[in-house]
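Residues are numbered in my numbering as their position in the sequence shown, beginning at 1, plus a constant of 119. One structure is given here, and the rest of the page talks about it.
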Amino acid sequence: MKTQFTSPLLLLTLFSLFTSLQLLAQSSEDKGPVYSDLISFYQEISNTHSNALLLEEGTTDSGKPLHLFLLQKEPIQSSQSLEQLRKNKLVIFINNGIHPGESCGIDASRIWMDDLVANPKSIPEGILIAIIPVYNIGGLLQQRIQTRANQNGPEFQGFRGNAQNLDLNRDFIKSDAKNTASFQSIFRRLEPELFIDTHTSNGADYQYVMTLISTQHNKLAPPLAKLLNDKFEPALYAEMKSRNFEMIPYVNVHGEVPNEGYSAFLETPRYASGYTSLFHNLGFITEAHMLKSYSERVASTLAFLESFLKKASEFKSQIILAIEESREWEISQKYLPIRWEIDSSISRTLDFKGYEYKYIQSELGQYKRLKYLSDKPETFPVSFYPDYKAIDSIILPSYYILPAAFHEVVSRLRNSGVEMSPLKNDSTIEVISTYFREEQFSPQLYEGRLYIKDFKSEERLQERKFYRGDWIISTSSNPRFFLASTLEPQAIDSYLRWGFFSIIFQQKEYFSSYVFEDTAMELLENQPELKLQFEEWKAENSEALNNPYLVLDFIYKHSPYYELEHKRYPVAKIK
Ligand SMILES: [Zn+2]
């Protein structure tokens with residue numbers, strides 16, 4: 120019986136292997152993917168396989184739609200919504216070409232899907248694979264010879280900036296690109312348990328073809344962090360090793376050699392997997408080594424995707440359980456961390472497969488340059504620092520109130536699944552307001568925005584007017600990690616830091632000195648407390664007494680004339 124069935128199966132396997140190799144050969148011609156060919160390929164398999172479907176899900180800055188390709192063992196009806204399709208499944212969501220010059224994932228996904236539609240029996244039951252064939256479409260359309268100076272092929276490389284020249288892998292909170300809004304809408308409806316973002320590395324040289332960033336585990340709820348650290352991540356490393364693509368944690372060194380040790384990469388919410396992990400999703404970033412051949416990079420990314428599917432299927436019930444427990448943990452927590460720094464007290468030793476290196480005299484200038492000796496591989500111990508510790512945490516209020524005027528924030532919150540209810544009437548409410556001082560903006564634009572690096576703040580209990588249509592956001596029925604990471608101003612990628620509220624740092628009303636001189640006198644006369652404050656200020660700032668503006672400004676800013684809105688965070692809190 121065995122021999123009866125081996126033959127057609129073997130033929131099928133050989134055929135599919137041939138197709139894969141042929142496709143791999145095509146991509147390893149070092150030409151790089153072409154947008155129109157890529158979409159035609161997915162459209163074709165969508166047309167010809169009942170368990171595959173290519174969808175247009177929202178738009179992108181390029182004007183072209185964002186495509187999403189779905190595959191599962193069971194047939195897919197085109198009338199099924201993403202919410203319906205994901206029911207009772209484990210969803211693996213894969214994003215390719217966020218940096219389209221790093222196209223190995225675009226090609227690997229294509230080869231993988233070609234294999235899987237030809238071998239539907241190899242798709243595990245109860246798993247939905249969702250792939251964005253290319254995310255930064257504008258960047259892929261800008262494809263030209265060598266946009267990545269250090270990278271070994273392909274010949275035509277997409278450009279990092281999107282159609283708006285944004286780096287989409289910094290855009291997941293500020294959402295300046297339409298691509299980001301489309302991604303978030305897909306993510307919200309698909310609710311994937313697992314996420315992969317495919318990249319090509321920058322930085323050091325070493326023997327490994329594939330390096331991996333697993334989402335920084337200290338940011339996760341403990342049940343999910345434990346599953347990642349103890350089981351899922353080791354299983355991925357073992358599986359890749361068995362496929363002759365031994366991996367190492369992403370070599371997070373730039374301009375240096377890894378020999379002195381290195382730390383895990385902290386992907387804050389502005390990054391794809393930093394964003395997805397706010398919703399109890401296990402995110403991974405593949406970073407294939409830029410100096411290996413393109414065909415090796417594609418093959419290693421393909422091996423990772425195949426390994427990932429296998430291990431996701433094996434750990435399916437454990438992953439689903441850990442996410443459930445993580446959601447419960449999140450609700451039970453009084454404090455939520457919002458900022459982290461490397462924990463240099465914890466390290467483990469990697470047997471690092473690197474190269475000998477030396478510093479030699481540059482022929483271009485008066486300096487020594489680093490040169491790796493790639494013909495001299497060596498294995499040496501390297502300290503790896505996998506942990507980050509929370510350096511700041513907050514107590515979430517029961518409610519936030521967000522004035523409707525800040526509609527750019529409203530739409531972003533809503534697109535990430537935050538539910539809000541409108542205030543029914545104009546109301547005066549006692550709230551906690553946050554006031555800022557000593558704010559420091561970055562001296563240069565970053566991704567088109569003036570990021571706020573630092574500030575001090577204090578909270579004040581005050582009565583404030585809110586209006587019908589302002590938004591009440593409950594923290595008990597919403598994604599709390601996400602709210603803490605965006606609405607708490609100190610959080611590293613908060614909307615405040617990204618400039619959505621920067622208008623509050625500009626005072627709107629001032630005084631004319633010659634008029635206010637008399638008013639100031641009256642104020643001091645009628646308000647003994649202010650007079651006392653002024654006397655103290657004078658004692659400490661005698662040199663300022665020569666400056667009429669400074670004198671009057673002190674009195675103005677301590678008087679009822681000074682606007683309460685200046686440097687006040689528009690988002691209020693109710694305990
Ligand atoms: Zn990248």
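A virtual CB, placed ideally from N, CA and C, is assigned to each residue, including glycine.
**Asked** Which runs of the beta strand (DSSP E) spanning at least 3 residues fall entirely within the region 541-579, listed in chain order?
**Response** Here the runs fully enclosed are 546-560.
- If you draw a straight line from the alpha carbon of ARG488 to that of ASN378, how long is it in whole angstroms? Taking the straight line from one Cα to the other gives about 16 Å.
> Mind pulling the alpha helix (DSSP H) runs of 4 or more residues that sit fully within the region 312-400?
Replying inline: Complete alpha helix (DSSP H) runs here, min 4: 341-346, 352-361, 391-395.
Comparing alpha-carbon positions, which option in VAL529, SER552, GLN191 lies nearest ASP589?
Of VAL529, SER552, GLN191, the residue nearest in Cα terms is VAL529.
Exercise for the section: Measure the beta-carbon distance from ALA249 to PHE275 and round it to whole angstroms, keeping in mind my assumption that it falls under 8 Å. Expected result: With a Cβ gap of about 27 Å, ALA249 and PHE275 do not count as contacting.
| query | Is any heavy atom in ligand 1 found nearer than 7 Å to the beta carbon of HIS218? | reply | HIS218 Cβ: within cutoff of ligand 1.
Give me, in chain order, the residues of the same chain whose beta-carbon lies closer than 8 Å to that of TYR478; leave out the 5 immediate sequence neighbours on both sides.
Excluding sequence neighbours, TYR478 sits near LYS487, ARG488, LEU489, LYS490.
Discussion item. Does the contact criterion of 3 or more C-beta pairs under 8 Å hold for the region 289-304 versus the region 164-184?
Written reply: Enough Cβ pairs lie closer than 8 Å, so yes.
Exercise. When the Cα of THR420 is compared with those of ALA431, GLU406, LYS430, which residue comes out closest?
Worked result: Here the closest residue by C-alpha is GLU406.
TYR454 lies in the beta strand (DSSP E); which residues open and close that run?
First-last of the beta strand (DSSP E) with TYR454: 454-461.
Inset, instruction - Just the C-alpha distance for PRO353 and TYR394, rounded to the nearest angstrom, thanks. - result: Cα to Cα, PRO353 sits roughly 23 Å from TYR394.
Between which residues of its own chain and SER181 is the CB-CB distance below 6 Å, once the five residues before and five after are set aside? Exclusion of the five residues before and after SER181 leaves ILE256, GLY257, ALA282 as the residues of its chain whose Cβ lies within less than 6 Å of its Cβ.
Item to check | Continuous alpha helix (DSSP H) stretch holding ALA431: start and end | outcome: Membership of ALA431 in the alpha helix (DSSP H) is indicated by the continuous run 413-433.
Supposed contact pair LEU201 and ILE305 - C-beta distance, whole angstroms, cut 8 Å | ILE305 to LEU201, Cβ: 7 Å. Contact.
### Task
Classify MET640 as buried or exposed, calling it buried when 16 or more other Cβ atoms lie within 10 Å of its own Cβ.
Taking every protein chain shown into account, the CB of MET640 has fewer than 16 other CB atoms within 10 angstroms, so this residue is exposed.
* Go to PRO667, then tell me how far its alpha helix (DSSP H) extends in each direction, as first and last residue. => Unbroken alpha helix (DSSP H) run through PRO667: 667-676.
> Does DSSP classify LEU515 as helix, strand or coil?
Replying inline: LEU515: coil per DSSP, three-state reduction.
**Report entry** Same chain, Cβ closer than 7 Å to ASP573, neighbours up to 5 away in sequence not counted
**Finding:** Leaving aside the five residues that flank ASP573 on each side, the residues in its chain whose CB is nearer than 7 Å to its CB run, in chain order, GLN559.
Compare the C-alpha of THR387 against each of VAL253, SER463, PHE601, SER595 and name the closest. THR387 has its Cα closest to that of PHE601, out of VAL253, SER463, PHE601, SER595.
Could I get the ranges of all uninterrupted beta strand (DSSP E) runs contained in the region 234-297, with 3 residues as the minimum, in chain order? Qualifying beta strand (DSSP E) stretches, in chain order: 246-251.
**Report entry** Selected residue, minimal CA-CA separation from ILE592, among GLY567, SER546, LEU532, ASP494
**Finding:** The option with the nearest alpha carbon to ILE592 is LEU532.
inquiry  = My output table needs one value for VAL528: the three-state DSSP class, helix, strand or coil.
reply    = In this structure, DSSP gives VAL528 a helical state, which the three-state scheme calls helix.
Q) Which first and last residues belong to the beta strand (DSSP E) in which SER593 is found? A) 590-593 is the extent of the beta strand (DSSP E) around SER593.
If we call anything under 8 Å between Cβ atoms a contact, is ILE461 one with SER382?
Yes.
Review point. For ligand 1, any of its heavy atoms closer than 7 Å to the Cβ of ASN255?
Key: Not so, every heavy atom of ligand 1 lies at least 7 Å from the Cβ.
field: Rounded straight-line distance, which links the Cα of PRO679 to that of PHE351
entry: Distance between the alpha carbons of PHE351 and PRO679: 60 Å.
Along the chain, where does the beta strand (DSSP E) that runs through SER493 open and close?
It spans 487-504 - the beta strand (DSSP E) in which SER493 sits, taken as one unbroken run.
Note to self: I need the straight-line Cα distance from TRP617 to PRO194, nearest angstrom please.
What the structure shows: Whole-angstrom Cα-Cα distance: 43 Å.
Distance cut-off 7 Å: HIS399 Cβ against heavy atoms of ligand 1
Outside the cutoff, so no.
Rounded Cβ spacing between ILE438 and LEU397 (contact assumed at less than 8 Å): Actually they are not in contact, since the Cβ atoms of ILE438 and LEU397 sit about 17 Å apart, beyond 8 Å.
Query raised in the report: Quick one: any contact between the region 156-167 and the region 223-243, if contact means 3 or more CB pairs under 8 Å?
Result: With the cut-off at 8 Å, the region 156-167 and the region 223-243 touch.
Taking 6 Å as the limit between beta carbons, can you name the residues of its chain near ALA497, skipping five residues before and five after? A small correction: the amino acid at residue 497 is Glu; Ala does not occupy that position in the sequence shown. Around GLU497, the same chain offers GLU475 as residues with beta carbons nearer than 6 Å, after the five sequence neighbours per side are excluded.
- Message: Under DSSP, the beta strand (DSSP E) around ASN214 begins and ends at which residues?
- Response: First-last of the beta strand (DSSP E) with ASN214: 209-214.
Measuring CA to CA, which of ARG579, LYS676, LYS686, ASN597 is closest to GLN625? Per the Cα distances, LYS686.
For HIS685, three-class secondary structure by DSSP: Looking at HIS685 - three-state DSSP - the assignment turns out to be coil, as it is neither helix nor strand.
Next on the checklist: Would SER512 and ILE457 be called neighbours here (beta carbons separated by less than 8 Å)?
Outcome noted: Closer than 8 Å, so yes.
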